[in-house]
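Notes follow once the structure below has been shown.
Number of protein chains: 2
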Amino acid sequence: MVTVYGMKASGNCYKVQLLLEQLQRPYRWVDIDSAHGETRTPQFLAKNANGKVPLLELDDGRLLSESNAILHFLAEGTPYLPADAWLRAQVLQWMFFEQYSHEPYIAVARFICGWLPTDHARRTELPRLLERGAQALTVMEKHLSGREFFAGDSYTIADIALFAYTHCAADGGFDLAAYPEVCTWLARVQAQPRFVRMQV
Amino acid sequence: MVTVYGMKASGNCYKVQLLLEQLQRPYRWVDIDSAHGETRTPQFLAKNANGKVPLLELDDGRLLSESNAILHFLAEGTPYLPADAWLRAQVLQWMFFEQYSHEPYIAVARFICGWLPTDHARRTELPRLLERGAQALTVMEKHLSGREFFAGDSYTIADIALFAYTHCAADGGFDLAAYPEVCTWLARVQAQPRFVRMQV
Numbered sequence: 002m003v004t005v006y007g008m009k010a011s012g013n014c015y016k017v018q019l020l021l022e023q024l025q026r027p028y029r030w031v032d033i034d035s036a037h038g039e040t041r042t043p044q045f046l047a048k049n050a051n052g053k054v055p056l057l058e059l060d061d062g063r064l065l066s067e068s069n070a071i072l073h074f075l076a077e078g079t080p081y082l083p084a085d086a087w088l089r090a091q092v093l094q095w096m097f098f099e100q101y102s103h104e105p106y107i108a109v110a111r112f113i114c115g116w117l118p119t120d121h122a123r124r125t126e127l128p129r130l131l132e133r134g135a136q137a138l139t140v141m142e143k144h145l146s147g148r149e150f151f152a153g154d155s156y157t158i159a160d161i162a163l164f165a166y167t168h169c170a171a172d173g174g175f176d177l178a179a180y181p182e183v184c185t186w187l188a189r190v191q192a193q194p195r196f197v198r199m200q201v
Numbered sequence: 002m003v004t005v006y007g008m009k010a011s012g013n014c015y016k017v018q019l020l021l022e023q024l025q026r027p028y029r030w031v032d033i034d035s036a037h038g039e040t041r042t043p044q045f046l047a048k049n050a051n052g053k054v055p056l057l058e059l060d061d062g063r064l065l066s067e068s069n070a071i072l073h074f075l076a077e078g079t080p081y082l083p084a085d086a087w088l089r090a091q092v093l094q095w096m097f098f099e100q101y102s103h104e105p106y107i108a109v110a111r112f113i114c115g116w117l118p119t120d121h122a123r124r125t126e127l128p129r130l131l132e133r134g135a136q137a138l139t140v141m142e143k144h145l146s147g148r149e150f151f152a153g154d155s156y157t158i159a160d161i162a163l164f165a166y167t168h169c170a171a172d173g174g175f176d177l178a179a180y181p182e183v184c185t186w187l188a189r190v191q192a193q194p195r196f197v198r199m200q201v
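Pasting the structure below:
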């Protein structure tokens with residue numbers, strides 16, 4: 002059985018939880034509160050020198066970090082990761098988009114608004130984060146026009162990766178009403194079999 | 002024959018060039034100067050709504066963005082991307098690390114130092130970029146201790162992805178002498194068959 006080290010309210014960790022639930026694959030969950038330094042202890046850094054969750058541990062002790070690499074590994078051979086080479090390329094394209102052009106703005110705005118004091122210096126970052134996050138949502142809105150899912154015609158780990166922080170973007174100050182295709186897609190993801198909500 | 006839209010001095014674009022040269026796969030290269038707005042024209046945005054290079058175009062017009070998704074697609078079935086599931090997971094782990102914890106600091110510091118005027122307001126970002134970039138280099142240094150390459154025992158696209166901006170980190174103000182394992186690995190990459198230098 003695999004073990005996931007993570008924080009349930011982190012979108013990156015929730016991605017892994019959601020996929021494991023949908024795969025109906027048993028797993029052990031170890032809570033690690035990254036917002037309170039638990040990814041920076043010597044014990045945790047010995048497992049992941051980059052000091053981040055989620056972290057996947059196999060029952061033989063092998064360790065894998067990076068949420069989207071974990072999704073890709075767990076989804077291999079399942080309907081959540083297509084076998085077709087071009088579809089696989091598109092899945093990865095959207096997962097790299099998520100980590101580079103989406104998460105650093107939408108997740109970070111949510112972190113600043115939800116986890117830091119209202120007078121924290123990092124609030125000055127918010128205007129730039131809202132601008133860049135809106136660019137990412139606009140790219141998603143455009144892509145979803147006439148499409149049901151991000152890669153091909155079915156629900157994949159690309160959707161899981163992008164759902165994680167998009168569905169709670171309002172927590173960081175984004176108004177999703179401006180992105181109707183994105184809202185319809187969010188509902189489509191929530192209607193998938195064995196969908197579970199993020200615990201906040 | 003595939004077409005690559007890119008800027009030769011961009012590490013993200015150079016990754017694709019280096020792999021194609023090492024694969025000895027013919028390609029057409031279309032110069033797009035992202036530093037001077039050429040990724041923001043209506044023509045280019047019609048090809049990639051996210052307005053970034055590199056962009057891969059197949060001969061039937063299909064398009065793929067995100068440098069590391071392009072590497073993964075092109076390397077499939079070649080020695081640059083192992084067939085073993087666990088090695089593939091590690092390759093992706095390091096490629097996501099590169100895009101999230103390395104490139105946003107090391108590449109951005111290089112961009113600010115090399116492309117913006119010396120009195121540009123963004124120079125105030127440099128101390129934070131140098132601190133975070135140093136953290137990434139420290140993670141790499143630790144991982145490379147006792148290892149020749151990032152994933153498994155051979156040169157893969159994980160090495161290509163990380164080489165691109167690490168080898169020119171000094172351009173952004175990093176002192177690589179503090180990372181001897183990284184320096185030895187850089188030389189090991191440069192010694193690979195059909196290696197080509199980045200054109201700057």
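Listed in order, the protein sequences are those of chains W and D.
Letter by letter, the first sequence follows residues 2 to 201 of our numbering.
Letter by letter, the second sequence follows residues 2 to 201 of our numbering.
Don't be surprised by glycine CBs; every beta carbon is placed ideally from N, CA and C.
Keep in mind the model is a prediction, meaning the values are calculated, not measured.
* Just tell me which of W/M96, W/Y106, W/S146 and W/V109 has its CA closest to the CA of W/P186. => According to the sequence displayed, residue 186 of chain W carries Trp and not Pro. Among W/M96, W/Y106, W/S146 and W/V109, the Cα nearest to that of W/W186 is on W/S146.
Practice problem: Give the DSSP-derived three-state secondary structure of W/T167 in the structure shown. | Solution: helix
Self-check item: Contact the region 58-78 of chain D vs the region 38-57 of chain W: 3+ CB pairs below 8 Å
Solution: no
Can you look up W/G134 in the DSSP assignment and give me helix, strand or coil?
DSSP places W/G134 in the helix class (H, G or I) of the three-state scheme.
Within 10 angstroms of the Cβ of W/R111, are there 16 or more other Cβ atoms? Answer buried if so, exposed if not. Answer is buried; the Cβ neighbour count reaches 16.
Q) How is the beta strand (DSSP E) around D/E104 delimited, first residue to last? A) For D/E104, there is no enclosing beta strand (DSSP E); the residue is found in the alpha helix (DSSP H) stretching over E104 to W116.
- [ ] Could you work out which residue in W/Q23, W/T4, W/L177 and W/A188 is closest to W/P80 when comparing CA atoms only?
- [x] W/Q23
Worksheet item: What number of angstroms, rounded off, separates the C-alpha of D/H144 from the C-alpha of D/R26?
Response: 31 Å
Notebook entry, point to check: Are three or more beta carbon pairs between the region 85-100 of chain W and the region 94-101 of chain D nearer than 8 Å?
Noted result: yes
Quiz item: Just by C-beta distance, which residues in the region 69-82 of chain W are closer than 7 Å to chain D?
Solution: N69, A70, H73, F74 and E77
Does chain W have any CB closer than 7 Å to the CB of D/Q200? By the rule that beta-carbons nearer than 7 Å mark a contact, D/Q200 does not touch chain W.
Under 7 Å, do W/A152 and W/A162 count as touching if we go by C-beta distance? no
Whether W/E58 touches W/T4 by CB criterion (7 Å): In contact: W/E58 and W/T4 (Cβ atoms closer than 7 Å).
Would you tell me roughly how many angstroms separate the C-alpha atoms of D/C114 and D/D32, rounded to the nearest one? 22 Å
Confirm the yes/no value for this check: CB of W/E39, any heavy atom of the ligand SAM, distance under 6 Å.
In the structure shown, the ligand SAM is absent, as is every other ligand, since no ligand is present at all.
Kindly list, in the order they appear in chain W, the residues whose Cβ is closer than 8 Å to that of D/V140. What D/V140 touches in chain W: A50 and N51.
Is it the case that the Cβ atoms of D/G134 and D/Y106 are separated by a distance below 7 Å? yes
(Q) Please tell me whether W/S35 has its Cβ less than 7 Å away from any Cβ of chain D. (A) no
Every unbroken alpha helix (DSSP H) inside the region 3-58 of chain D [4 residues or more] = 12-24 and 43-48
### Proximal residues to W/R123 (C-beta, below 8 Å), its chain only, five neighbours per side dropped
I113 and L117
Apart from the five residues just before and just after W/S35, which ones in its own chain have a Cβ nearer than 6 Å to its Cβ?
M8 and V54
Under 7 Å between the Cβ atoms of W/Y166 and W/E126? no
Q: Return the residues of the region 19-44 of chain D that lie within a Cβ-Cβ distance of less than 7 Å from chain W, sorted by chain order.
A: Per Cβ criterion, the list is empty.
Notebook entry, point to check: Under three-state DSSP, which class holds D/S66?
Noted result: strand
Whose CA, out of W/Y15, W/A90, W/L65 and W/V92, lies closest to the CA of D/Q91?
W/L65
Burial state of D/F196, where buried means 16 or more other Cβ atoms lie within 10 Å
By the Cβ-count criterion, D/F196 is exposed, with fewer than 16 other Cβ atoms from all chains shown falling within 10 Å of its own Cβ.
- Query: Assuming D/L138 contacts D/G174 under a Cβ cut-off of 8 Å, what Cβ separation, rounded to an integer in Å, is found between them?
  - Reply: The C-beta separation of D/L138 from D/G174 comes to about 12 Å, leaving the pair out of contact by the 8 Å criterion.
Worksheet item: Among W/V190, W/A179 and W/T157, which one has its Cα closest to the Cα of W/A84?
Response: W/T157
With C-beta atoms as the reference, is W/G52 less than 7 Å away from W/T40? Their beta carbons are under 7 Å apart, which means W/G52 touches W/T40 by this criterion.
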